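Working notes, structure below.
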Amino acid sequence: MKAYKYDEQVFNSEWELREHLSDVSFPYLTDENEQEICTLLGVEIVNLPDPELTEEERLSVRKLARSRAVNAIIVEVDGMKFDGDEVAQGRMARALKVAELNNLDKTAWVLADNTVVEVTKKQLEEALTKAMLQQATLWTKPYEDSDNEAS
Numbered sequence: 088m089k090a091y092k093y094d095e096q097v098f099n100s101e102w103e104l105r106e107h108l109s110d111v112s113f114p115y116l117t118d119e120n121e122q123e124i125c126t127l128l129g130v131e132i133v134n135l136p137d138p139e140l141t142e143e144e145r146l147s148v149r150k151l152a153r154s155r156a157v158n159a160i161i162v163e164v165d166g167m168k169f170d171g172d173e174v175a176q177g178r179m180a181r182a183l184k185v186a187e188l189n190n191l192d193k194t195a196w197v198l199a200d201n202t203v204v205e206v207t208k209k210q211l212e213e214a215l216t217k218a219m220l221q222q223a224t225l226w227t228k229p230y231e232d233s234d235n236e237a238s
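Every letter in the sequence shown is one number past the one before it in the numbering used here, and letter 134, counting from 1, is 221.
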C-alpha cells in the first residue's frame with residue numbers, strides 16, 4: 088500500500104496529505120507527476136504492507152483511483168488540449184448553453200497548458216463529448232474490477 092510520509096507522519100492517502108497541508112496548493116497527483124510533486128513538497132512516498140481490506144474498503148480504493156483518473160482527463164481537438172475533468176465538463180456545458188442562447192459562434196478558452204485561445208462552438212462541443220465519453224469508460228471501472236477480483 089502506498090502512503091505519504093511528511094514530518095515523520097504517515098498519511099494513507101493523497102486526501103489525508105492534502106488535509107494536513109491545507110495551506111499548500113498543489114495539483115492532483117497522477118502516476119506521471121506524483122514523484123516530482125512529492126519531492127518538491129518534501130514528502131516521501133513509502134510502501135506499507137497491504138492491510139486485509141473489506142470489499143467495501145477495496146471498492147473505496149478503486150473509486151479513489153477512478154477519481155484520480157477522471158481528474159486527469161485531457162482531450163485533444165484540432166491540436167488543442169482541453170482539460171476534461173468534471174469541473175471542466177461543467178464549464179464547457181455552461182459555455183455551450185450561453186453560446187446557444189446568445190447565438191455565439193466563438194469564445195475565449197483556457198487550454199490544459201494554460202494557453203488562452205479562441206475556440207469555436209463546434210470545437211467546444213467536440214471537447215465536451217470526448218471528455219464525457221472518456222469519463223464514461225472510467226466510471227464503471229471500480230465495479231468491473233470487483234468482478235475481476237472475484238474470478
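Beta carbons are placed, not taken as given, at the ideal position from N, Cα and C, and that holds for glycine.
These figures come from a predicted structure and were not determined experimentally.
Query	Result
Taking the alpha carbon of C125 as the reference point, which residue from W226, A90 and A186 has its own alpha carbon closest?	A90
Can you tell which of L188, E231 and L211 has its C-alpha closest to the C-alpha of A195?	L211
Taking all protein chains shown into account, decide if E131 is buried (16 or more other Cβ within 10 angstroms of its Cβ) or exposed.	exposed
Which partner residues of A90 appear in the DSSP bridge assignment?	V133
Can you pull the DSSP bridge partners for V174?	In the DSSP output, where bridge partners are listed per residue, V174 has none listed.
Leaving aside the five residues before and after E143 along the sequence, list all residues of the same chain whose C-beta is less than 7 Å from its C-beta, in chain order.	none
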